[in-house]
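Residue numbers (my numbering): -9 to 288.
No residue lacks a Cβ here, since even glycine has one placed at the ideal position from N, Cα and C.
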């Protein structure tokens, strides 16, 4: 799927959050059209820490490469602040694009950043972010690689300033606009009314976050063209993991939990173990046949 063309449709693209190749493959099998590689989810799962700028560029790049090796869907990658200034943004975009990112998201927070739904955020000057967006656009090797410009200015400078920033980022060449953490449906509607005609507009659904949870259909009706659910999978898995470990500690066996987990064979079926083993045997047979042919010709 060409993501740029798909975003021209009034039906929003839904991109669930993933953080590794396993979650990406499960999401792909569920029938989604695109995936969102969440920096927050990488922090939660790889570091066991909050989304406060602790994840490095190389850690995200490695994750992009592993996910891309497993799935073919368009992959929207959270690149935080670009890990520095405009020159760092250039390197980030080049690297993430090579690793397989379809779209690269940059935000205008100061560094280190924090989750857009945490308090006490700070943003860089609009002029500095405009330079970062221009650097990202110039650095990409293909125009098929989309640049997502996110502003966190609502919580810092107010809604009008956030809208002004979004307009400026569109003018700088951003392909998708993302105004983070509106606090009401009225604010969501105002954002869509003001800037959805400039570029495809992204909505972020965070369970328990600042923005009220809306359905994809309702967001599409407002004018949003891309809806992400970045950390939902981690919140679901974390609760399941807590229940699993509590059960195992209490019972000394996984028998009481079997109806809530895959067994050995089911998990191997999910990740394609039988198919991979069969493919390996086919290559072994092909190699043996090549040796026999060579010996026959000798």
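Return yes when the Cβ of residue 178 is within less than 8 angstroms of the Cβ of residue 157, no when it is not.
-> The count along the chain shown starts at 1 and reaches residue 157 at position 167. The count along the chain shown starts at 1 and reaches residue 178 at position 188. For residue 157 and residue 178, no; Cβs fall outside 8 angstroms.
Taking only heavy atoms of the ligand MG into account, decide whether any of them is closer than 7 angstroms to the Cβ of residue 256.
-> This structure does not include the ligand MG; it has no bound ligands of any sort.
In whole angstroms, what is the alpha-carbon distance linking residue 181 and residue 8?
-> Here residue 181 corresponds to residue number 191 of the chain shown, with the count starting at 1. Here residue 8 corresponds to residue number 18 of the chain shown, with the count starting at 1. Each residue's Cα considered, the two are about 26 angstroms apart.
According to the Cβ coordinates, are residue 60 and residue 11 closer than 8 angstroms?
-> Position 70 of the chain shown, counted from the first residue, corresponds to residue 60. Position 21 of the chain shown, counted from the first residue, corresponds to residue 11. For residue 60 and residue 11, yes; Cβs fall inside 8 angstroms.
Please classify residue 338: is it buried, with 16 or more other beta-carbons within 10 angstroms of its beta-carbon, or exposed?
-> With the chain covering only -9 through 288, there is no way to say anything about residue 338.
Distance between beta carbons of residue 99 and residue 83, contact taken as under 8 angstroms | Here residue 83 refers to the residue found at position 93 of the chain shown. Here residue 99 refers to the residue found at position 109 of the chain shown. Contact flag wrong, Cβ pair sits at about 18 angstroms.
From 121, 263, 208 and 69, pick the residue whose C-alpha is nearest to that of residue 92; which is it?
-> Reading the chain shown from its first residue, position 102 is the one you call residue 92. For the residues 121, 263, 208 and 69, the minimum Cα distance to residue 92 belongs to 69.
Where the beta strand (DSSP E) through residue 97 begins and ends = Indexing the chain shown from 1 puts residue 97 at position 107. Per DSSP, residue 97 belongs to the beta strand (DSSP E) from 93 to 97.
Could you tell me the distance, in whole angstroms, from the CA atom of residue 36 to the CA atom of residue 225?
-> The residue labelled residue 36 in the question sits at position 46 within the chain shown. The residue labelled residue 225 in the question sits at position 235 within the chain shown. Roughly 14 angstroms between the two C-alpha positions.
Could you check if residue 194 is buried or exposed, using at least 16 other CB atoms within 10 Å of its CB as the buried criterion?
-> Within the chain shown, the letter at position 204 stands for residue 194. It counts as buried.
State the DSSP-derived secondary structure class of residue 88, mapped to helix, strand or coil.
-> Sequence index remark: in the chain shown, residue 88 carries index 98 (1-based). DSSP places residue 88 in helix when its eight states are reduced to three.
Can you tell me which of 54, 17 and 18 puts its alpha carbon nearest to the alpha carbon of residue 29?
-> Along the chain shown, read from residue 1 onward, the residue named residue 29 stands at position 39. Ranking 54, 17 and 18 by Cα distance to residue 29 puts 54 first.
Under three-state DSSP, which class holds residue 242?
-> Walking along the chain shown from the start, residue 242 turns up at place 252. It is coil, neither helix nor strand.
Return the Cβ separation of residue 290 and residue 44 in integer angstroms, given the expectation that the two are a contact with Cβ distance under 8 angstroms.
-> The question about residue 290 has no answer, for the chain in this structure spans -9 to 288.
Return helix, strand or coil for residue 253, following the three-state DSSP convention.
-> Counting from 1 along the chain shown, the entry for residue 253 is found at position 263. Collapsing the DSSP output to three states places residue 253 in coil.
Opposite residue 7 in the DSSP bridges: which residues?
-> Within the chain shown, the letter at position 17 stands for residue 7. Its beta-bridge partners are 26.
Which residues in the same chain have their Cβ closer than 6 angstroms to the Cβ of residue 80, if we skip the five residues on either side of it in sequence?
-> Taking the chain shown and counting its residues from 1, one reaches residue 80 at position 90. Excluding residues within five positions, the ones whose Cβ falls inside 6 angstroms are 125 and 129.
Following the continuous beta strand (DSSP E) through residue 66, name the residue where it begins and the one where it ends.
-> In the chain shown, counting from the first residue as 1, residue 66 sits at position 76. Taken as a continuous stretch (DSSP letters only), the beta strand (DSSP E) holding residue 66 covers 65 to 68.
Report the partner residues of residue 219 according to the DSSP bridge assignment.
-> Sequence index remark: in the chain shown, residue 219 carries index 229 (1-based). 6.
Residue 169 - DSSP class collapsed to helix/strand/coil = As a first step, residue 169 is located in the chain shown; it is residue number 179 there, counting from the start. If DSSP states are grouped into helix, strand and coil, residue 169 belongs with the strands.
Closest Cα partner of residue 170 within the set 191, 0, 160 and 228 | Here residue 170 corresponds to residue number 180 of the chain shown, with the count starting at 1. Comparing Cα positions, the closest option is 191.
Which of the three DSSP states, helix, strand or coil, is assigned to residue 75?
-> On the chain shown, residue 75 is found 85 positions in, with the first residue counted as 1. Residue state, collapsed to three classes: coil.
Leaving out five residues before and five after residue 77 in sequence, what residues of the same chain have Cβ atoms less than 8 angstroms from its Cβ?
-> As a position in the chain shown, residue 77 is number 87, starting the count at 1. The beta carbon of residue 77 sits closer than 8 angstroms to the beta carbons of 125 from its chain, once the five residues preceding and following it are set aside; these are given in chain order.
Do residue -6 and residue 134 have their C-beta atoms within less than 8 angstroms of each other?
-> As a first step, residue -6 is located in the chain shown; it is residue number 4 there, counting from the start. As a first step, residue 134 is located in the chain shown; it is residue number 144 there, counting from the start. Here residue -6 is near residue 134, since their CB atoms are less than 8 angstroms apart.
Determine the direct distance from the alpha carbon of residue 248 to that of residue 16, and round the result to whole angstroms.
-> Taking the chain shown and counting its residues from 1, the one referred to as residue 16 is at position 26. Taking the chain shown and counting its residues from 1, the one referred to as residue 248 is at position 258. Cα atoms of residue 16 and residue 248: separation of roughly 20 angstroms, rounded to the nearest angstrom.
Taking just the CA atoms, how far does residue 38 sit from residue 271?
-> The residue given as residue 271 occupies position 281 in the chain shown. The residue given as residue 38 occupies position 48 in the chain shown. Rounded to whole angstroms, the gap between the alpha carbons of residue 271 and residue 38 is 39 angstroms.
Under 8 angstroms between the Cβ atoms of residue 137 and residue 96?
-> On the chain shown, residue 137 is found 147 positions in, with the first residue counted as 1. On the chain shown, residue 96 is found 106 positions in, with the first residue counted as 1. Taking C-beta atoms as the reference points, residue 137 and residue 96 count as a pair closer than 8 angstroms.
Classify residue 236 as helix, strand or coil using the three-state DSSP reduction.
-> Counting from one through the chain shown, the residue named residue 236 turns up at place 246. Under the three-state reduction of DSSP output, residue 236 falls in the helix class.
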